[in-house]
Amino acid sequence: MSGEVAALTHNARWEVARLRRSQRIWLLLIPIVAGPVGSGIADLYLRVPSAGTAEVLGLLITAGLAALVVLDLTALAVGEDLSLRTYYLTFALPQPRGSALAGRLGVVVGGTLIAYGVGAIEVAWLANALVSTSSTAPAPILVPAHLAVGMLGLLVFLGGVTAAAGVVTRGASQALVAGILAGVVAAGIGSMFLIEGQLTGLFPEVLAAAGLVGFATCLFQYGRIEG
Amino acid sequence: MPSDVLTIDAVWKRYGDHDALRNVGFSLRSGEAVGYLGPNGAGKTTTLKLLAGLSRPTRGSVRVQGFDPSRDRTRALRRLGALVETPGVPPYLTGADLLEYVARVKGVPPSERKASVHHAAESMNVDEYLGRPFGSLSTGLARRMLLGAVLVGDPDVLLLDEPTLGLDPAARRDLRCLLRNLSRNGLTLLLSTHMLEDVQEVCSRVLFLRNGVLVGDEPVNLEPDTGPDGSRRVLRLGFGSGVTAEAVLRAAGPEFVVTLEGPREVTIRFSGGDAAQAALLAGLIRAGLPLVSASRPEPDLARRYLERVGREDAT
């Protein structure tokens, strides 16, 4: 294995061990379990006019929960070692720092995206199983499939902003606050576009691109941190 | 001829408008154990950070086993163990988690990983605590676990920053003993500390740093007042009853320099080896002086520390 790949692999395993020991690994079940359960309850007890609308509602619930998870796990993956000064030990190990952090971020961000994907599939199945669509039902405000994919862009955006903030502030709690603020701004802008009828696929694409820039900034700056 | 394993050449390190290191240069040959002494804020930890790849010099060059640790991290740090300052470890992680991670990153083969982890933990007497989370370990045990992590993979070079901080006397003694043995087996060690006793027992050479400037680079075991020919010997003599400097000088001979330290104690300086010392002692006994003890005074590292760096922090 090359140094970069080895660092990715070792640190991905390390992050899994950290998630397991800290019990944070259970957070990844929230979008898979709590999202569909909440969505199913809404499907049963609210007068949802169509399966499409139920799906949109369920996706918003599931993605909202996944957003909280990605914020928390990313903030801790980047910021915890910096605030505890564990990096005094890990930075002196023979591995590229950027690849090491990429391995850890891969686990938390990738894990959350997968959990969201599983939750989204469950939501779609539940919506179609529990809600019948009448012929007079209005069309959902968003196309469910578009929303499902667009939410991935939001999650990448939140992860990227939180990761970049974690390196800059060198702390998990500050990074979390930055991620929450970014989420509020993104939701506000998205709502504005929706009300004005201008919400297109470009918006989540821009969010995803901004998130990737955030991750790149984080990895670059992480390699330059001076102890 | 052993080669240089650690080299710092004309290094400056600037933080804002403060120079933490000013034109510092030294090198350590393979197998050398060197103490790094200086008061708080002198720049010792900064130097270790540069060597461990935690920081980059503002000017000058740093080489670890021939490679720049800030650019060629993988090759420079492969056979190095570094404990700089006091790293925190998330409280939920166990010692085994940490040591296994270090073993993996250091490239210890999977078949040897478990043995390497236990060997490192055993050498710090923390083998039985490997399964406990860091949050449940005392400060000293956590420190020993961190030292164990540094020893994973049997590094060829160790950089230690206050390694005995927080350790009980027995653990300190054990660590000193371990470092002495590792050094005898070829380990290269740079030991930054305020504990002069640690340097005295473990190291053969000492560097003194003051205000970011290297002000001394000398053997640990310098004889006090060694002459330019390096042959001056000092003996401290104890007598059963009071003596005078004149009486001792008469018995010893004019080539000896006698200093009365107390009514029953004199320090005697002379040039020569063991034969001259034996002749001196025999002469004193023949002259009827009540000689009861003869010892060579301990090399006075504390005194030299104070002379080189001032009156701060000597312990």
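Line by line, the protein sequences are chains A and B. The first sequence begins at 1 in our numbering and counts up by one. The second sequence begins at 1001 in our numbering and counts up by one. We put the beta carbon where it would ideally sit given N, CA and C, even for glycine. Predicted model only: the values in this text are computed from it and were never measured.
TODO: Output the residue ranges of the alpha helix (DSSP H) runs that lie fully inside the region 34–90 of chain A and measure 4 residues or longer, sorted by chain position.
DONE: Counting whole runs of 4 or more residues, the region 34–90 of chain A contains the alpha helix (DSSP H) stretches 51–84, 87–90.
Task: Within-7 Å CB hit, B/Ala-1096 to chain A - done: By this cut-off, B/Ala-1096 is not an interface position.
- [ ] Sort B/Glu-1197, B/Leu-1159, B/Ser-1116, B/Val-1152 by Cα distance to B/Arg-1172 and report the nearest one.
- [x] For the residues B/Glu-1197, B/Leu-1159, B/Ser-1116, B/Val-1152, the minimum Cα distance to B/Arg-1172 belongs to B/Glu-1197.
Task: Extent of the continuous beta strand (DSSP E) run through B/Asp-1009 - done: Per DSSP, B/Asp-1009 belongs to the beta strand (DSSP E) from 1004–1015.
Open item on the list: Rounded to whole angstroms, what is the Cα-Cα separation between B/Leu-1281 and B/Arg-1078?
Closed with: Take the alpha-carbon of B/Leu-1281 and the one of B/Arg-1078: they are about 54 Å apart.
Task: Sequence-distant residues of the same chain with beta carbon closer than 7 Å to B/Gly-1053, five excluded per side - done: Correct list, in chain order: Pro-1069, Ser-1070, Arg-1073, Ala-1076, Leu-1077.
Open item on the list: Short of 7 Å in beta carbon distance, which residues of its chain neighbour A/Trp-26, apart from the five on each side in sequence? Order them along the chain.
Closed with: Contacts found: none.
- [ ] Give a yes or no on whether the minimum CB-CB distance between A/Ala-17 and chain B is below 7 Å.
- [x] True, the Cβ-Cβ gap to chain B drops below 7 Å.
TODO: Could you check if A/Asn-11 is buried or exposed, using at least 16 other CB atoms within 10 Å of its CB as the buried criterion?
DONE: By the 10 Å Cβ count, A/Asn-11 comes out buried.
Open item on the list: Can you pull out the residues from the region 23–36 of chain A whose beta carbon lies closer than 7 Å to at least one beta carbon of chain B?
Closed with: Within the region 23–36 of chain A, no residue has a Cβ that lies closer than 7 Å to any Cβ of chain B.
Open item on the list: Taking 6 Å as the limit between beta carbons, can you name the residues of its chain near B/Asp-1225, skipping five residues before and five after?
Closed with: Note on B/Asp-1225: pLDDT 49, under 50, position unreliable in the model; no value is reported.
Open item on the list: Taking the beta strand (DSSP E) that B/Val-1266 belongs to, which residues open and close that run?
Closed with: From DSSP, the beta strand (DSSP E) with B/Val-1266 extends over 1265–1271.
Open item on the list: Using a Cβ-Cβ cutoff of 7 Å, what residues of the region 1035–1055 of chain B are near chain A? List them in chain order.
Closed with: Close to chain A, meaning a Cβ-Cβ distance shorter than 7 Å, are the following residues of the region 1035–1055 of chain B: Lys-1049, Ala-1052, Gly-1053, Leu-1054, Ser-1055.
TODO: Starting from the N-terminal side, write out each stretch of the alpha helix (DSSP H) that is 4 residues or longer and does not extend beyond the region 1164–1211 of chain B.
DONE: Whole alpha helix (DSSP H) segments, 4+ residues: 1169–1184, 1196–1202.
Task: Per-residue contacts from A/Phe-91 into chain C (C-beta, under 8 Å) - done: The chain labelled as chain C is not found among the protein chains of the depicted structure, namely A and B.
Task: 7 Å Cβ cutoff, A/Gln-221 in contact with chain B - done: Chain B, which has no Cβ nearer than 7 Å to the Cβ of A/Gln-221, makes this no.
TODO: For the alpha helix (DSSP H) holding B/Ser-1061, just list the boundary residues, first then last.
DONE: Careful: B/Ser-1061 lies outside any alpha helix (DSSP H), inside the beta strand (DSSP E) at 1059–1064.
Task: Simplified DSSP state of B/Val-1078, which is helix, strand or coil - done: Residue 1078 of chain B is actually Arg in this sequence, not Val. In the structure shown, B/Arg-1078 sits in coil (DSSP, three-state: anything other than H, G, I, E or B).
- [ ] Specify, as a first and last residue, the run of the alpha helix (DSSP H) that A/Tyr-116 falls within.
- [x] Element bounds for A/Tyr-116: 97–130.
Open item on the list: Please tell me whether B/Pro-1083 and B/Leu-1151 are closer than 7 Å, where the distance is taken between their beta carbons.
Closed with: Per the sequence shown, residue 1083 of chain B should be read as Leu rather than Pro. For the pair B/Leu-1083 and B/Leu-1151, the CB atoms are not nearer than the 7 Å cut-off.
Task: Residue of B/Gly-1273, B/Pro-1090, B/Ser-1123, B/Arg-1232 minimising C-alpha distance to A/Trp-14 - done: It is B/Pro-1090.
TODO: Give the single residue among A/Arg-97, A/Tyr-88, A/Ile-61 whose Cα lies nearest to the Cα of A/Arg-224.
DONE: Residue nearest to A/Arg-224 within the set A/Arg-97, A/Tyr-88, A/Ile-61 is A/Arg-97 (criterion: CA-CA distance).
- [ ] Could you work out which residues of chain B lie near A/Leu-230, taking near to mean beta carbons separated by less than 8 Å?
- [x] The structure shown does not extend to residue 230 of chain A, since chain A spans only 1 to 227, so no value can be given for it.
Open item on the list: With three or more C-beta pairs closer than 8 Å as the rule, is the region 1086–1102 of chain B touching the region 109–127 of chain A?
Closed with: With the rule of 3 Cβ pairs closer than 8 Å, the region 109–127 of chain A does not count as touching the region 1086–1102 of chain B.
Task: Three-state secondary structure (DSSP) of B/Leu-1054 - done: Residue state, collapsed to three classes: coil.
- [ ] Check whether the Cβ of A/Ala-174 lies closer than 7 Å to any Cβ atom in chain B.
- [x] A quick correction: the sequence has Gln, not Ala, at residue 174 of chain A. Answer no: the Cβ-Cβ gap between A/Gln-174 and chain B never drops below 7 Å.
- [ ] Consult DSSP for B/Asp-1225 and reduce its assignment to one of helix, strand or coil.
- [x] Residue placement at B/Asp-1225 is flagged as unreliable, the pLDDT there being 49, under the threshold of 50; the coordinate-derived value follows with that caveat. Three-state result, B/Asp-1225: coil.
- [ ] State the CB to CB distance for the pair A/Glu-55 and A/Ala-127, rounded to an integer number of angstroms; the pair is presumed to be in contact (CB under 8 Å).
- [x] Cβ-Cβ separation between A/Glu-55 and A/Ala-127: approximately 4 Å, consistent with a contact (criterion under 8 Å).
Task: Cα-Cα separation between B/Ser-1030 and A/Gly-3, rounded to whole angstroms - done: Approximately 26 Å between the Cα atoms of the pair.
TODO: Could you list which residues in chain B have their beta carbon closer than 8 Å to that of A/Pro-94, in chain order?
DONE: The contacting residues are Arg-1073, Thr-1074, Arg-1075, Ala-1076, Leu-1077, Arg-1078, Leu-1080, Val-1105, Lys-1106, Gly-1107.
Open item on the list: Using only the alpha-carbon positions, how far apart do A/Ala-209 and A/Met-151 sit?
Closed with: Their Cα atoms are separated by approximately 13 Å.
Open item on the list: Quick check: the region 177–195 of chain A against the region 124–138 of chain A, are at least 3 beta-carbon pairs closer than 8 Å?
Closed with: Result no; under three Cβ-Cβ pairs closer than 8 Å.
TODO: Measuring only between beta-carbons, confirm whether A/Gly-103 sits less than 7 Å from chain B.
DONE: Output row for A/Gly-103: interface = no.
TODO: Would you kindly work out how many angstroms separate the C-alpha atoms of B/Arg-1180 and B/Leu-1160, rounded to a whole number?
DONE: Computed Cα separation, rounded: 14 Å.
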